[in-house]
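Line by line, the protein sequences give chains A and B.
So in numbering that gives the first Met the number 0, spot 211 of the first sequence is number 210, and the numbers just go up one at a time.
So in numbering that gives the first Met the number 0, spot 265 of the second sequence is number 264, and the numbers just go up one at a time.
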Amino acid sequence: MGTLTQTETKQKVYFDLTTSPHLHSGWSTSKVMWFVNLALVPSIAAALVFFGIYQILIILTAVIFAVGTEALIQYIRKKEITWFDGSAALTGLLLALTLPPNFSLSATAIGSVVAIGLGKQIFGGIGYNIFNPALVGRAFLQAAFPVQITTWTKPNFAVDSVSSATPLAAFKFDKLITDTPALALGNVGGSLGETSALAVLIGGIFLIAVGIVNWRIPFSMIIGMFVFSGVFWLINPQQYPTPVFQIFAGSFLFGAMFMATDWVTSPITNKGMWIFGLGISLVLVVIRLFGGLPEGVMYSILIMNAFVPMINRFTKPRTFGAVKEDKK
Amino acid sequence: MAIGTFNGGIHPPEYKELTENCAFEVMPAPAEIVLPISQHLGKDAQPVVKKGDEVTVGQLVAKAEGFISAPIHSSVNGKVLSIGKENTPSGFPKDSIVIKSNGITASQPNLLPPLNLETITPDEIRQRVAEAGIVGQGGAAFPTYVKLSPPMDKKIDVVILNGCECEPYLTRDYRFMIERPDDLIEGLKLIIKALGVERGIIGIEDNKPKAIKILSEKVKNHKSIEVISLKTKYPQGAEKMLIKAVTGKEVPPGKLPMDVGAVIQNIGTALAIYDAVVKGEVLITAALTVSGKGIKNPKNLLVPVGTPIQDVIDYCGGVTEEAVKIVVGGPMMGVAQFDLHAPVLKATSGILVLTKEEVSKNPETPCLRCGQCVGACPLNLVPTKLARYSQLHKYEEAEDADITVCMECGTCAYTCPANIPLVQWIRLGKQKVLQMQKERMKN
Chain A
0 MGTLTQTETK QKVYFDLTTS PHLHSGWSTS KVMWFVNLAL VPSIAAALVF
50 FGIYQILIIL TAVIFAVGTE ALIQYIRKKE ITWFDGSAAL TGLLLALTLP
100 PNFSLSATAI GSVVAIGLGK QIFGGIGYNI FNPALVGRAF LQAAFPVQIT
150 TWTKPNFAVD SVSSATPLAA FKFDKLITDT PALALGNVGG SLGETSALAV
200 LIGGIFLIAV GIVNWRIPFS MIIGMFVFSG VFWLINPQQY PTPVFQIFAG
250 SFLFGAMFMA TDWVTSPITN KGMWIFGLGI SLVLVVIRLF GGLPEGVMYS
300 ILIMNAFVPM INRFTKPRTF GAVKEDKK
Chain B
0 MAIGTFNGGI HPPEYKELTE NCAFEVMPAP AEIVLPISQH LGKDAQPVVK
50 KGDEVTVGQL VAKAEGFISA PIHSSVNGKV LSIGKENTPS GFPKDSIVIK
100 SNGITASQPN LLPPLNLETI TPDEIRQRVA EAGIVGQGGA AFPTYVKLSP
150 PMDKKIDVVI LNGCECEPYL TRDYRFMIER PDDLIEGLKL IIKALGVERG
200 IIGIEDNKPK AIKILSEKVK NHKSIEVISL KTKYPQGAEK MLIKAVTGKE
250 VPPGKLPMDV GAVIQNIGTA LAIYDAVVKG EVLITAALTV SGKGIKNPKN
300 LLVPVGTPIQ DVIDYCGGVT EEAVKIVVGG PMMGVAQFDL HAPVLKATSG
350 ILVLTKEEVS KNPETPCLRC GQCVGACPLN LVPTKLARYS QLHKYEEAED
400 ADITVCMECG TCAYTCPANI PLVQWIRLGK QKVLQMQKER MKN
């Protein structure tokens with residue numbers, strides 16, 4: 000990059016001749032990834048508090064197998080090995096946090112291998128995948144281990160009235176409504192990371208504050224959920240749950256903050272982010288209210304992931320000063 | 000969309016503290032000056048001296064050629080050494096007149112008769128600006144009298160003085176605003192008169208409260224002039240962004256500010272106009288900020304045009320051990336230098352000596368499609384797409400995506416977490432598209 004040159008005053012000057020801009024924000028792919036990992040610490044803590052220390056083994060298994068798979072595939076493909084950039088670790092961590100408490104460790108490992116192998120590396124590695132890798136892994140596990148993945152454990156501080164069933168399942172199959180405070184804190188049945196809305200919000204707001212998460216995606220998802228589920232609730236409050244319940248229950252907030260906001264698999268334009276977020280909520284409301292499953296955050300995000308290239312194409316921003324008429 | 004700012008943009012570290020309190024110093028004439036005959040946009044000037052000729056300060060050495068051009072004057076007393084190709088800060092060698100100074104620093108003789116501010120006519124102002132070789136001090140170096148001569152069918156209603164100085168490090172416009180506020184206002188009034196408009200606005204970013212305060216105080220006696228404080232954000236000093244911030248109007252792609260009724264002039268340009276009219280001086284001094292953590296004594300300097308970069312650096316105490324990069328212009332759009340014999344030009348705004356710490360970059364990784372560049376682009380382009388088209392030689396697609404609108408402000412590359420040299424790719428694609436368009440015109 001630089002050549003050592005003697006200038007006329009006999010001062011050593013390295014001439015770095017790269018082009019403008021000569022300043023940079025200092026962000027890098029790996030810094031971003033580690034920041035997101037950091038933002039998940041509250042959710043990890045909540046999982047350990049509510050479901051016990053054993054859950055750390057699920058998390059470690061998922062992370063180790065994700066990173067290992069990434070390194071192995073890169074080694075086989077003779078690519079630069081980038082296991083330390085934090086992105087594979089993040090995929091493993093996100094996958095672990097979508098799993099139910101006390102989930103089988105071997106199944107967790109398989110999930111991680113699928114997430115990295117089929118979800119990410121098969122497309123060419125970081126930046127090239129279409130679907131959120133952690134959710135690809137989760138979808139695989141859902142298909143391969145349908146019983147285990149919907150076997151829920153009671154949280155540690157559960158009072159008698161709290162069932163081990165998730166609030167969404169409780170509502171779907173028994174029409175039982177869980178209190179919002181319990182949902183917000185996390186003292187309910189559910190996946191490791193989704194259980195505490197509070198922990199998710201702490202991490203999510205941190206990511207919005209440092210500029211990694213674009214607020215438009217979680218915000219539009221929440222607005223969308225509020226409106227779409229609100230319409231049904233107004234039509235028939237007996238049949239359909241309140242919008243607030245819909246927002247706090249299940250993995251909606253976790254998905255809104257950490258899954259839908261995955262840079263690679265979400266739109267790049269501001270308008271596109273709105274469409275993407277509203278689309279997820281619409282699909283989700285349909286799945287939750289009319290589908291066979293109690294929860295559908297995973298599928299709704301994966302479905303909208305598939306639309307991202309199209310959304311990007313149709314939401315190309317209007318070039319500064321361009322008038323609508325002279326655009327094709 | 001509100002008046003007072005524009006969409007997108009970034010907040011790079013300012014580094015203005017290095018020089019903002021350094022008053023202008025006059026640098027003595029160097030041993031030798033290099034005067035490229037093209038220091039402006041448009042046609043090269045035509046040399047009117049030959050090797051061996053004696054020249055004096057302010058003497059015409061190259062005359063303007065055609066409408067869009069500007070004459071060049073000597074900034075020293077001395078003798079013409081040679082006329083030939085010399086390296087310039089742009090990186091390209093250009094025909095240049097090299098003058099050996101006799102070492103005597105004489106103040107500029109009044110080559111042009113001073114004119115009366117009250118009775119001067121618009122034509123006289125234009126004529127004087129043309130004679131004095133004044134070019135835009137903002138970087139593009141567009142001949143100023145052309146800007147003061149809009150076609151009859153363009154109705155101009157506002158003149159905006161660009162006091163943004165949004166590039167980090169640079170403090171030359173700031174020093175001008177606080178050191179010569181009265182002259183600046185007179186200069187603006189001359190521009191207003193030349194264009195026959197009603198309103199003059201001085202747009203200043205709110206990170207320069209002292210300049211805003213002084214000028215707001217001074218313009219109280221001038222009904223037609225107004226100081227507007229703007230939210231600090233890069234690249235507010237870009238013409239299109241400044242017009243949007245001040246008037247709310249958008250200059251369409253491929254159009255000029257005058258198409259929306261605005262003319263933008265740089266702070267330094269307004270003062271050069273004042274000096275040319277009131278003192279009869281020609282433009283032979285460049286005002287620049289010499290800064291960066293790699294220079295021993297950062298300064299704001301008044302330098303004879305044509306002074307080699309090396310002399311300016313030596314005058315500021317030389318570079319430190321950590322220096323790795325020397326940039327002419329600001330850090331966002333300036334050009335890295337390989338030959339320090341290249342001269343300071345009329346429109347040079349700064350020389351930066353940067354250290355590793357300041358220019359440190361992380362390794363490039365694949366695009367994460369995060370959209371940071373899209374959100375930051377002040378012209379609403381999709382930089383990552385444009386760069387990709389360029390990498391894939393898809394120049395038709397790049398043209399459709401408005402690659403030629405890009406002004407290379409560097410905002411996208413600054414924000415890119417994958418550290419992709421977006422501007423470099425876009426610049427390449429832009430050149431290819433422009434070539435393509437030229438060939439299409441021919442057929």
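Backbone N, C-alpha and C define an ideal beta-carbon position, used for all residues, glycine too.
A237 (chain B) carries a coil assignment under DSSP once its states are collapsed to helix, strand and coil. At least 8 Å separates the CB of V135 (chain A) from every CB of chain B.
The contact set of C369 (chain B) on chain A, defined by CB atoms closer than 9 Å, consists of V31, I211, N213, W262, V263, S265, I267 in chain order. Of the candidates A:F83, A:T60, A:A45, A:F83 places its Cα closest to the Cα of S27 (chain A). Using a CB distance below 9 Å, the part of the stretch 99-129 of chain A facing chain B consists of G123, G124, I125, G126, Y127, ordered along the chain. Within the same chain, and ignoring the five residues on either side of L189 (chain B) in sequence, the residues whose Cβ sits closer than 7 Å to its Cβ are I124, I272, Y273, V276. In this structure, A375 (chain B) sits away from W424 (chain B), with a CB-CB distance that is not shorter than 8 Å. By the 16-neighbour rule on beta-carbons within 10 angstroms, Q264 (chain B) is buried. Under the three-state reduction of DSSP output, Q45 (chain B) falls in the strand class. Under DSSP, the beta-bridge partners assigned to A322 (chain B) are B:T354. Y413 (chain B) reaches chain A at P20, L22, H23, S24, counting residues in chain order whose Cβ is nearer than 8 Å. In the three-state reduction of the DSSP assignment, R317 (chain A) falls in the coil class, being assigned neither a helical nor a strand state. Put simply, the backbone Cα of T120 (chain B) is about 10 Å away from that of L114 (chain B).
When only Cα atoms are considered, C405 (chain B) and G279 (chain B) end up about 38 Å apart. Its Cα nearest to that of N101 (chain B), the residue B:P29 stands out among B:G409, B:I203, B:P29.
Between the alpha carbons of G229 (chain A) and I310 (chain A) lies a distance of about 26 Å.
When the Cα atoms are used, Q136 (chain B) and L206 (chain A) turn out to be separated by approximately 41 Å.
Along the stretch 21-52 of chain B, none of the residues has a CB nearer than 9 Å to a CB of chain A. Counting only runs of 4+ residues, the alpha helix (DSSP H) found wholly inside the stretch 55-113 of chain A occupies 86-96, in chain order. G253 (chain B) counts as exposed, since fewer than 16 other beta carbons sit within 10 angstroms of its beta carbon. E31 (chain B) and K99 (chain B) do touch by the CB rule: their CB atoms are close to 5 Å apart, below 8 Å.
Excluding five sequence positions before and after R426 (chain B), the CB atoms of its chain that fall closer than 7 Å to its own CB belong to E407, given in chain order. I129 (chain A) sits in coil when the DSSP states are folded into three classes, being neither helix nor strand. Between the alpha carbons of E294 (chain A) and R287 (chain A) lies a distance of about 6 Å. Here the alpha carbon of P27 (chain B) sits roughly 35 Å from the alpha carbon of D122 (chain B). Below the 7 Å Cβ cutoff, chain A contributes no neighbours of P88 (chain B), its closest Cβ being approximately 12 Å away. Cα atoms of F244 (chain A) and L233 (chain A): separation of roughly 14 Å, rounded to the nearest angstrom.
In the structure shown, the three-state DSSP call for G202 (chain B) is strand. Chain order gives the chain A residues near K239 (chain B) as F319, G320, where near means a beta carbon separation below 9 Å. Contact fails between the stretch 292-303 of chain B and the stretch 143-151 of chain B, because fewer than three Cβ pairs, one in each stretch, are under 8 Å apart.
Of the residues assessed, T118 (chain B) falls on the exposed side of the cut-off, its CB having fewer than 16 other CB atoms within 10 angstroms. Contact between I155 (chain B) and L194 (chain B) is confirmed by a C-beta separation of about 5 Å, below the 8 Å threshold. Contact note: G409 (chain B) reaches chain A through S19, P20, using a C-beta cutoff of 7 Å and chain order. Counted as a single uninterrupted DSSP element, the alpha helix (DSSP H) harbouring I246 (chain A) occupies residues 242-247. Taking CB atoms only, F175 (chain B) has no neighbour in chain A less than 8 Å away.
In the displayed model, T284 (chain B) falls within a strand according to three-state DSSP.
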